[in-house]
Amino acid sequence: MNPIIPLPVSAVETGAAFTLTDNTTITIDANNDELAAIGGYLAGWLGAAGGWELPVTTAAAPRAGAIALTLSGADASLGAEGYQLTVTPEGVVIAANRPAGLFYGVQTLRQLLPAELEGQAGRSAQDVNLADWTIPTVVIRDAPRFGWRGMMLDVARHFPAGGVEDVKRLIDLMALYKLNRLHLHLTDDQGWRLMIESWPRLAEVGGSMAVDGDPGGYFTQAEYAGLVAYAASRYIDVVPEIDLPGHTNAALASYPELNCDGTAPDLYTDIGVGFSSLCIDKEITYQFVDDVIREVAALTPGPFIHVGGDEALSTPEADYVRFMTRVQQIVQAHGKQMLAWEEAARIELAPGSAVQHWHDEMAAHAASQGAQVIMSPAAHSYLDMKYDDTTALGLNWAGNVSVEKAYSWDPAAVQPGIAESAILGVEAPLWTETVRTLEELEYLVFPRLLGIAEIGWSPAAGRSWKEYRVRLAGHAARLEALGVNFHPLVE
Ligand code: IFG
Numbered sequence: 070m071n072p073i074i075p076l077p078v079s080a081v082e083t084g085a086a087f088t089l090t091d092n093t094t095i096t097i098d099a100n101n102d103e104l105a106a107i108g109g110y111l112a113g114w115l116g117a118a119g120g121w122e123l124p125v126t127t128a129a130a131p132r133a134g135a136i137a138l139t140l141s142g143a144d145a146s147l148g149a150e151g152y153q154l155t156v157t158p159e160g161v162v163i164a165a166n167r168p169a170g171l172f173y174g175v176q177t178l179r180q181l182l183p184a185e186l187e188g189q190a191g192r193s194a195q196d197v198n199l200a201d202w203t204i205p206t207v208v209i210r211d212a213p214r215f216g217w218r219g220m221m222l223d224v225a226r227h228f229p230a231g232g233v234e235d236v237k238r239l240i241d242l243m244a245l246y247k248l249n250r251l252h253l254h255l256t257d258d259q260g261w262r263l264m265i266e267s268w269p270r271l272a273e274v275g276g277s278m279a280v281d282g283d284p285g286g287y288f289t290q291a292e293y294a295g296l297v298a299y300a301a302s303r304y305i306d307v308v309p310e311i312d313l314p315g316h317t318n319a320a321l322a323s324y325p326e327l328n329c330d331g332t333a334p335d336l337y338t339d340i341g342v343g344f345s346s347l348c349i350d351k352e353i354t355y356q357f358v359d360d361v362i363r364e365v366a367a368l369t370p371g372p373f374i375h376v377g378g379d380e381a382l383s384t385p386e387a388d389y390v391r392f393m394t395r396v397q398q399i400v401q402a403h404g405k406q407m408l409a410w411e412e413a414a415r416i417e418l419a420p421g422s423a424v425q426h427w428h429d430e431m432a433a434h435a436a437s438q439g440a441q442v443i444m445s446p447a448a449h450s451y452l453d454m455k456y457d458d459t460t461a462l463g464l465n466w467a468g469n470v471s472v473e474k475a476y477s478w479d480p481a482a483v484q485p486g487i488a489e490s491a492i493l494g495v496e497a498p499l500w501t502e503t504v505r506t507l508e509e510l511e512y513l514v515f516p517r518l519l520g521i522a523e524i525g526w527s528p529a530a531g532r533s534w535k536e537y538r539v540r541l542a543g544h545a546a547r548l549e550a551l552g553v554n555f556h557p558l559v560e
């Protein structure tokens, strides 16, 4: 059986084989648009991989020669994202309680098929070798350990050279590994990357440059809404971050009135941090925050808006607490829950607010207040860290992060005060001070993101680098077929 990443909870091979043929059909429960979409996604993948035109039809029950996607028959214990995948010589049945589970069962089915089939777009059916389409019979029961399995993409330091298309490529690759959160770091000192209609200069001026004076850019609200919808079709929630009150030079450069002295600073193209702050004592600052959060909330189907809060080194402590407390109220007034970097645990967190651990003990303080925590320890999960001293791209302030180091940690063992029950899940940030192109992004993200996906999904028990590295090596062919520019899988 092909190596599956993330490792399923259980997989028992039954010693026979099932072969897809051009008589294979995909069947779904009737009257369910989400299942029709997932069926179409699978048919589309099989069509691109092998040139088949497999019909998607409704069926009351699984039948021979079919790949059945059904919401009946799955154990309730599999929850909202789990699935059961049963392959027999007669056919395949993927059963789940919710469509997301079926989507993840489809990703496992993809990985059971030969890696070479990925990215074979344009191959015609006749030159498909039927042997390609044989998979071992197996019974897989699977469900994730954590509900938050994510990656963060900083589009502020550098705006993706390929714009929306680069982000969609990342979303497609995340889906193959069952990740379900894409945190977009939309604003920082060097760039404001989302059009805010009530404050248009934020994007027009604040989005016009990037680190090293590289080309700027920003998402229109239509483009951003398109990304949110595309991610949702892959069962990924987009989590927007508007970083406040520090990391705000792009906003301050766009509107002089946002500055305490009424003077706008120049656009910033270096990579220092901690020098900028909104003007905490000006009322216009809160009008700005309210307008921005209102427009972002309207573009955010998910429950969380991330408001940053990190490295506010130019905001006096008492001002920071006052400001972030008001921001929390504004986020809630717009029907969302506040997510912030762990420094924000210096305020009284409202029920439902959550913090993201990256480098100090404030997340443990948040957990002691009953808040939930997302684990992004820089020394293990920061994908902008170099792999080793020979890596040209990336930074190394948190130390080099080898493929092994990115895998060899457990979220429940990072900080004594943060028990598993307080952990929403894991997220791997890619900061883009040194990253300009999709190719450079893929080199830093892959393969380390696969390990993060496994940490977020698979049981902690028994997880080991020694075992994982063999499965990871087995994914080289798949990443190769997908055209991913990955760093060598194991050093
Ligand atoms: N820390 C800063 C980021 C980025 C990062 C680069 C956080 C929360 C260092 N803040 O990580 O803006 O500069 O590794």
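Quick note on numbering: the sequence shown equals residues 70 to 560 in our numbering.
C-beta: ideal position from N, C-alpha, C; glycine also.
Cα-Cα separation, residue i to residue j
| i | j | result |
| --- | --- | --- |
| PRO334 | GLY341 | 15 Å |
| GLN176 | TYR337 | 42 Å |
| HIS227 | ALA129 | 50 Å |
| THR460 | ASP312 | 29 Å |
| ALA419 | GLN397 | 8 Å |
| TYR324 | THR501 | 25 Å |
| TYR477 | TYR304 | The displayed chain sequence assigns Ser, not Tyr, to residue 477. One C-alpha to the other measures close to 27 Å. |
| GLY113 | ASP429 | 45 Å |
| PRO372 | GLY421 | 9 Å |
| TRP466 | LYS455 | 9 Å |
| ALA143 | LEU186 | 29 Å |
| HIS426 | THR94 | 46 Å |
| ILE209 | LEU368 | 37 Å |
| HIS434 | ALA402 | 25 Å |
| LEU76 | SER471 | 20 Å |
| PHE555 | LEU513 | 7 Å |
| GLN259 | PRO131 | 54 Å |
| SER437 | LEU255 | 30 Å |
| GLY120 | ASP201 | 12 Å |
| PHE392 | ALA497 | 27 Å |
| GLY188 | LEU239 | 15 Å |
| SER302 | SER346 | 37 Å |
| HIS316 | LEU171 | 40 Å |
| TRP526 | SER445 | 15 Å |
| PRO516 | PRO485 | 29 Å |
| ASP330 | GLY148 | 54 Å |
Residue i: CB within 8 Å of a non-hydrogen atom of the ligand IFG
| i | result |
| --- | --- |
| ILE389 | The sequence given here has Tyr at residue 389, not Ile. Because no heavy atom of the ligand IFG lies under 8 Å away, the Cβ of TYR389 does not count as near it: no. |
| TRP114 | no |
| MET220 | no |
| ASP283 | no |
| ALA498 | Note that residue 498 corresponds to Pro in the displayed sequence, not to Ala. Yes. |
| TYR293 | no |
| ILE353 | no |
| HIS316 | yes |
| ALA12 | What is shown of the chain runs 70 to 560, which leaves residue 12 out entirely. |
| ALA448 | no |
| GLU502 | yes |
| ASP379 | yes |
| VAL342 | yes |
| TRP410 | yes |
| MET454 | yes |
| LEU464 | yes |
| ASP257 | yes |
| TYR512 | no |
| TYR304 | no |
| TYR337 | no |
| ASP102 | no |
| TYR451 | yes |
| ASP223 | yes |
Inter-residue CB distance, residue i and residue j (contact presumed, cutoff 8 Å)
| i | j | result |
| --- | --- | --- |
| TYR287 | ARG270 | With 8 Å as the limit, TYR287 and ARG270 do not qualify as a contact, their Cβ atoms being about 11 Å apart. |
| ILE443 | GLY494 | 6 Å |
| VAL81 | VAL207 | 7 Å |
| ILE524 | PRO480 | 7 Å |
| THR503 | ASP457 | With 8 Å as the limit, THR503 and ASP457 do not qualify as a contact, their Cβ atoms being about 15 Å apart. |
| ILE74 | ARG395 | Actually they are not in contact, since the Cβ atoms of ILE74 and ARG395 sit about 43 Å apart, beyond 8 Å. |
| VAL365 | ILE399 | About 11 Å separates the two Cβ atoms, so there is no contact after all. |
| ALA319 | ASP388 | Actually they are not in contact, since the Cβ atoms of ALA319 and ASP388 sit about 20 Å apart, beyond 8 Å. |
| GLY108 | LEU89 | That belief does not hold up - the Cβ atoms of GLY108 and LEU89 are roughly 15 Å apart, past 8 Å. |
| LYS237 | TYR293 | Contact doesn't hold; Cβ gap of about 12 Å is too wide. |
Any non-hydrogen atom of the ligand GDP closer than 8 Å to residue i Cβ
| i | result |
| --- | --- |
| TRP427 | In the structure on display, the ligand GDP does not appear, and the ligands it does have are the ligand IFG. |
I want to know whether the region 405 to 413 touches the region 372 to 381 - three or more CB-CB distances under 8 Å.
The answer is yes - the region 372 to 381 touches the region 405 to 413, with three or more Cβ pairs under 8 Å.
Contact between the region 548 to 556 and the region 520 to 535: three or more CB pairs below 8 Å?
Judged by Cβ distances under 8 Å, the region 548 to 556 makes no contact with the region 520 to 535, as fewer than three pairs qualify.
Is it the case that the region 87 to 103 contacts the region 213 to 221, given that we only count it when at least three CB pairs across the two stretches are under 8 Å?
no
Is it the case that the region 267 to 286 contacts the region 341 to 352, given that we only count it when at least three CB pairs across the two stretches are under 8 Å?
no
Counting beta carbon pairs with one atom in the region 220 to 234 and one in the region 162 to 169, are three or more of them shorter than 8 Å?
no
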